[in-house]
Amino acid sequence: MWVKPQEVLLANAFWLTEQATVYFVLQRRKGHGKTKGLTSILVGTLDSVFDTKPPPFRILHQTPSSEVYWEVACSLTHEEILLDWEWLHSNLMTTLTSFDTEEEITEFVCCKIQSIIANSIPDSQFADEEDPESFKTVSFKFHQLFNVPKEDKLVNYYSCSYWKSRLPRQGWLYLSVNHMCFYAYILARETKLTVRWTDITELSKTSSLIVPDSIRVVTRDNKEHYFSMFLHKSETYSLMEQLTNIAMKRLIDEKSGFNEDRDLLNKLSKNVPKKPSFLKRDLDARAHSEAYRLQFRLPGTEKLDGSVDATLWTPYNKRYVWGKIYLSQNYLCFESRVRRVVSLVIPLREVTLVEPAENQSSTGADKSILVTTARSSFLFAQIHDRDFVVQKISELLAKSKLNYIVRDNVCSSNSSNSGISNCEEAKPMEHWRPQPPLMILFKTPLTSEAALKQEAKEKQWELHFAEYGRGLTMYRTTETAKLVIQGIPQSLRGEAWLTFSGALNEKAMNPDLYKSLVEQSLGKSCQANEEIERDLHRSLPEHPAFQSDTGINALRRVLSAYAWRNPQIGYCQAMNIVASVLLIYCSEESAFWQLCNVCESLLPDYYDRRVVGALVDQGLLEELAAEHLPTLHAKLQELGLIKVISLSWFLTIFLSVMPTSSAVNIMDCFFYDGAKVIFQIALTVLEWNQDKLLNCRDDGEAMQLLTDYLGGVYNDEGPIFPRPVDSTSPNKSISVQTLIYEAYSRYGSLTIGWIERLRLKHRLRVVQSLEDGIEKNVIRSVIVDKYMTIEELQELLSLVREELMSQRKSEPDRYDPTQPPYEAYKVDFDLFRILFGGLSPWGKCTQAESLSARLFRLMDRNRDGLLNFRELVQAIGMTATADLTQRLKLLYTLHLPPLLTPADFESPTHSGKCSSRYVHEGYVGISEEKDGAEVAAEATDFFDSMEQSVASLEMPISMAEEPTVSTLSRSTSLNSQQGDQSWEIQSMGSLRSMIASKDSPLDLKTVPKMSQGHFIALWKTLYDMFPAQPEEQETYHCIASIGTLLLQLGDVGKKFYVERDESEDSLLLAASAAQQASTSVIERSPDRNGNPSSIASSADPDWSITVEQFLASALTGQAIVDFFSKRANLMESMAALKNRRFNRVHSLSDTPALNG
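In UniProt numbering, the protein residues as written are 1 to 1156.
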């Protein structure tokens, strides 16, 4: 790479000269490469510790009489610097000899190099804008050191010490999208560490006498890593947290990958510090946007554009409040410096005018902006660089209005074209109309005292709205919070919930979407709708609204529409309880958007199949209890109670454990303050019952105590909901107003930000424990096959998991927990081919490619182009660890049609090249070349007996899953078979059954015979399997002798062909005729290289051997017995594969070679 010429006074300090001419010198940095000596070691150490390591190769320009050198080129690789060196000699050396003075030579060289650089600037301008050149150099070094894929981009790097064997290694910590890596070079000793974010189980800040003020990382293999002596510890830890969180979310939802926000490159910004990399800037922007959305309850797509200090004029007390303005695509928000003094959200869709206001220094309104909406105006002042802020708001306002118009058009077109579905067709649906709040249609009685209190509350709220505003743009202050804590009146509850939770934003931005979703989802036959139907009548059955079709139908529509909108969650029990209460107080469409808000924002990951979010908050509650109630926490741990109460309390927001009239008051606070409220209530309940819980003798007694206490929480100010018929009225324990007030008094210091940080910490543990649980179940379900030990299975699963995470393509589908555990991990042919070549003794021969393709086809029972983990273990085990007979049987099987085709044994190289095609084309492309009629005849015989023998045996589960034909009579005609199932499917089924019957007394006489052409191909493979050994001649002589014997047996078999079997089996007659026809076709048709086929001339069509003859003959050869009896060392092979992955390639699937 050419560089702007710079003077170098000491050319040989820390550098070695490799080549030199009169005008140029090519140098290499000491400490780089294979140089030894104290100087090289010291230079390498200094460069590594201080990160002063320049590119290791450079070219200097010099003139004979000058002591000043000029650096004109540098490079990270020797090949690149040689190209520059050759260019200089080819293009400049002849010209330089024509100059008269050395000054002219130097001036010409410098001008020439500068012109080359100037011509290349336009090509790299955009890249420079994305990442600075210095960061690109570090990024290149990172990928060279750790050999990770280019797609795994470096985010940032930090100087620190890594503690290894109680000694610190000063070096550099590299944080990429998928990995955390460390590198140190101290006194000629390298230290490297590579950890995948998905393998981290714990991340924390620690401090001890041995390792002071450090960051601790614990991985899945229970190894602890400590890093200390950071210059920017907080920044480093925050970035590590963020990258780990992204990795955990990807484990929860495989389809949620990491995509860069390219819009940041074109973003107009001021006073923003330059980040070392574009990715770091992107991740910082993500973190700020997430905090912004959480703070103001905004939609998940909202991205923070920027913020600026300002004051807000608050008309209710006629003051200016200092705080910060936040801007995003669709919102302008304000938050006071002092927490909870005032908060404001202004949707840009409601803004009609933004203008600079006249300066009024006397009133403190200097540098002010006036934002006008249809309802009111908002005055912001003391804004630094006001004109830029006005320009920015106007720009966002214009885009927001345009997007809103486009979205409105799209929604209307979608609603008119509804009904598109990938499920079964819906039943004819009656016309429906959305319902208002069900409390209007089904009134619940109020006591006279409660009615008066409700009326008083309504007046309070109306006065509050008049003073502070109403709807999204209201001023939210401590007065608002006080009113919410006291309880929102029934008539205003739906409006307040929608406003405070932020669900109103989603509803306003997606008009008519609910109607469209209902029309698409209702009546569709799918699992979610079936589960919804089962739970409809269990949702608040005591309430009159859900004893009628009106309420039930509305609930059905809301739940079905949500399941259709978010199939990743679909429907989960407990959603029906929450939705039914929402329908009582909110209109049907509002209840839908409120449910979306609960499931996706307020309680994320709560309602998926693994309830990850609830388990995370369970751990969070344990930590909070240990911090605030340590004595009680120890007792609850002993009783194992927290696991029970957290799920039942949190999933339904206390609705399932508390009277509905009381629980809705908790929901008031929940929608206003977020998830922190459920922790405040839970801790308060535990604290108030602490003494009684400490005296409980078992978990049942403690659970009954809490159940009675929560069941007795009453609300004298709310409606009287009817109780279930079979329940008795509990004793009153505490009023819900007192409970909420005490919760805020005792635990009001909890904040949403703190809750989110704790959630990240516990999400690590929960997700990794779930992953460990899945892996244990996978191993437990596969160990029964006895092909591998537990240690081997664990290592293989670890290798497969690592590869699946390394592959750049996304996984096709999420693992369905209803499937067997071994379905959680699936490998395609590309990965199987690598594993077969690395682990199986059969994978070392030149036929390995073709063998792996045929074995893959044989094991792929559902023909989806993927092997589940059990099929993978069986495939590797049968070639590496199974007993002698089973291995020989498998080898025989792999050389029978339809696995081995005429094209395979006619041209082995062709078979190797086409093996991938056989797998990926669904095994269709070879049907024209099969001599299948012959196999169909024998397969029918074999298949019939297999059905009888396998039924009486205790076969492995996976084999029992193979689709089979009920019964096949020997007199069944060929045509009727093909009408039922193709001969190929029958044959493949029979072959799979044969290799599965390792311990069964199977009648081998019914196994298909092998033709001469297939036998020759088998014997070629057998020759090729044996590695070169000292006794090579003796081994090959043994194989040749047995091969000759089998050829003779095949010839003898022709003479004693049983005519009775031939006449008895009509299939065999048809097969013989078809075989002769196919042979003649093959004779006439050339192969793909244009050469005439020689199968008919070289193979005897009447020649055949049986599997019994093959096994009996093969077992007489000691060399064959020894080879197929030896158990492969899988642990050693897997260690070599892992080493190969980290040392030479990014992923095993990046390596084309199998044997090497």
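Beta carbons: idealized from backbone N, C-alpha and C, even for Gly.
Using a Cβ-Cβ cut-off of 6 angstroms (strictly less than) and excluding sequence neighbours within five positions of residue 540, which residues of its own chain qualify? 546, 580
Out of 76, 99, 184, 95, state which residue places its alpha-carbon closest to the alpha-carbon of residue 141. 76
Count the other CB atoms, across all protein chains shown, that sit within 10 Å of the CB of residue 87; report buried if there are 16 or more and exposed otherwise. exposed
Which one of 667, 839, 625 has the shortest CA to CA distance from residue 747? 625
Between the Cα of residue 163 and those of 150, 192, 146, spot the shortest distance and give me the residue it belongs to. 192
Per the DSSP calculation, residue 61 is bridged to which residue(s)? Checking the DSSP bridge columns, you'll see residue 61 partnered with 24, 70.
Determine, using beta-carbon pairs with one atom in the stretch 578-593 and one in the stretch 548-567, whether at least three such pairs fall under 8 angstroms. Enough Cβ pairs lie closer than 8 angstroms, so yes.
Residue 72 and residue 2 closer than 8 angstroms at C-beta: yes
Bounding residues of the alpha helix (DSSP H) (the contiguous stretch that carries residue 878): 869-880
Return the chain-ordered ranges of every alpha helix (DSSP H) run that is complete within the stretch 72-116 and spans a minimum of 4 residues. Listed in chain order, they are 78-91, 93-96.
In angstroms, rounded to a whole number, what distance separates the CA positions of residue 80 and residue 57? 9 angstroms
Touch test, the stretch 882-893 against the stretch 1114-1133, Cβ-Cβ under 8 angstroms, three pairs minimum: yes
Please report the distance separating the alpha-carbon of residue 507 from that of residue 202. 39 angstroms
Nearest-angstrom Cβ-Cβ length linking residue 381 and residue 313, presumed shorter than 8 angstroms: 7 angstroms
At the level of alpha carbons, what is the spacing between residue 732 and residue 659? 11 angstroms
Going by DSSP, what residue range makes up the beta strand (DSSP E) through residue 369? 369-373
Cut-off 7 angstroms between Cβ atoms - residues of its own chain near residue 394, not counting five sequence neighbours on either side: 354
Same chain only: Cβ atoms within 8 angstroms of residue 877, ignoring 5 sequence neighbours per side: 785, 787, 788
For the beta strand (DSSP E) containing residue 333, list its first residue and its last residue. 331-336
Under the three-state DSSP convention, the category residue 6 falls into: strand
Would you grab the beta carbon distance between residue 329 and residue 396 for me? Rounded to a whole angstrom, and I think it's under 8 angstroms. Yes, residue 329 and residue 396 are in contact; Cβ-Cβ is about 6 angstroms, under 8 angstroms.
Is residue 1160 helix, strand or coil by DSSP? Nothing in the structure corresponds to residue 1160, since the chain is present only between 1 and 1156.
Same chain, Cβ closer than 6 angstroms to residue 646, neighbours up to 5 away in sequence not counted: Here the set comprises 618, 621.
Can you list, in chain order, the residues of its chain with a C-beta nearer than 6 angstroms to that of residue 852? Leave out the 5 residues immediately preceding and following it. 833, 836
Pairwise C-alpha distance: residue 889 and residue 1111: 8 angstroms
Distance between beta carbons of residue 235 and residue 450, contact taken as under 8 angstroms: Residue 450 to residue 235, Cβ: 54 angstroms. No contact.
What runs of the alpha helix (DSSP H), each 4 residues or longer, lie entirely inside the stretch 735-779? 736-747
Could you tell me whether the Cβ atoms of residue 283 and residue 767 are closer together than 8 angstroms? no
Span of the alpha helix (DSSP H) holding residue 164? Unbroken run through residue 164 is the beta strand (DSSP E), 154-164; no alpha helix (DSSP H).
Mind checking who residue 323 pairs with in its DSSP beta bridge? 310, 336
Residue 740 burial status per 10 Å Cβ neighbour count (16 or more: buried): Per the 10 Å Cβ criterion, buried.
Classify residue 860 as buried or exposed, calling it buried when 16 or more other Cβ atoms lie within 10 Å of its own Cβ. buried
Which one or two residues does DSSP pair with residue 225 in a beta bridge? DSSP output for residue 225 lists 217 as bridge partner(s).
Out of 1119, 868, 341, 372, which one is the CA nearest neighbour of residue 781? 868
What residues in its chain sit with their C-beta under 8 angstroms from that of residue 66, if we drop five residues either side in the sequence? Excluding sequence neighbours, residue 66 sits near 102, 106.
Go ahead and pull the three-state DSSP assignment for residue 176. strand
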